[in-house]
Amino acid sequence: TSEWRKLRKEHLKENNYCVWCGCNNDLSVDHITPPKGNPDLFFNENNLQTLCRACHRIKTAREIELNKYKEK
108 TSEWRKLRKE HLKENNYCVW CGCNNDLSVD HITPPKGNPD LFFNENNLQT LCRACHRIKT
168 AREIELNKYK EK
């Protein structure tokens with residue numbers, strides 16, 4: 108949505124490096140706690156962090172593994 112694009116742009120303007128590895132290229136905005144359809148959590152600035160795409164992939168893979176473990 109345009110609301111998300113605006114929030115993402117503002118977040119990256121103020122937080123222009125990966126909080127995991129410190130690099131400042133190929134950045135994405137990550138939800139610290141996955142919002143799972145919760146718009147309040149989705150658009151909460153305190154639930155956002157900047158990650159490079161490589162770190163974002165690692166975090167997402169960990170979340171998927173944890174969810175598989177929780178479901179058992």
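Residues in the sequence shown are numbered from 108 upward in steps of one, following our numbering. Glycine included, every Cβ here is placed at the ideal spot set by N, Cα and C. Note that the structure is a prediction, hence the values are computed from the model and not measured.
**Study point:** Limits of the unbroken alpha helix (DSSP H) element including Asp147
**Key:** For this step, residue 147 is matched to residue 40 along the sequence shown. For Asp147, the enclosing alpha helix (DSSP H) has its first and last residue at 146-149.
Check your understanding: What first and last residue would you give for the beta strand (DSSP E) that runs through Cys159?
Key -> Numbered from 1 along the sequence shown, position 52 holds the residue referred to as residue 159. Element bounds for Cys159: 155-159.
**Study point:** His118 to Thr167 span [Cα, whole Å]
**Key:** Here the question's residue 118 lines up with position 11 in the sequence shown. Here the question's residue 167 lines up with position 60 in the sequence shown. In a straight line, the C-alpha of His118 is about 20 angstroms away from that of Thr167.
Review point. Near Asp133, which residues of its chain fall below 7 angstroms by C-beta distance, leaving aside the five closest residues on each side in sequence?
Key: As a working note, residue 133 is residue 26 in the sequence shown. Once the five neighbours on either side are set aside, the close Cβ partners of Asp133 are Cys159, Arg160.
Check your understanding: Rounded to a whole number of angstroms, what is the C-alpha to C-alpha distance between Leu155 and Pro141?
Key -> Taking the sequence shown and counting its residues from 1, the one referred to as residue 155 is at position 48. Taking the sequence shown and counting its residues from 1, the one referred to as residue 141 is at position 34. Between Leu155 and Pro141, the C-alpha separation is close to 10 angstroms.
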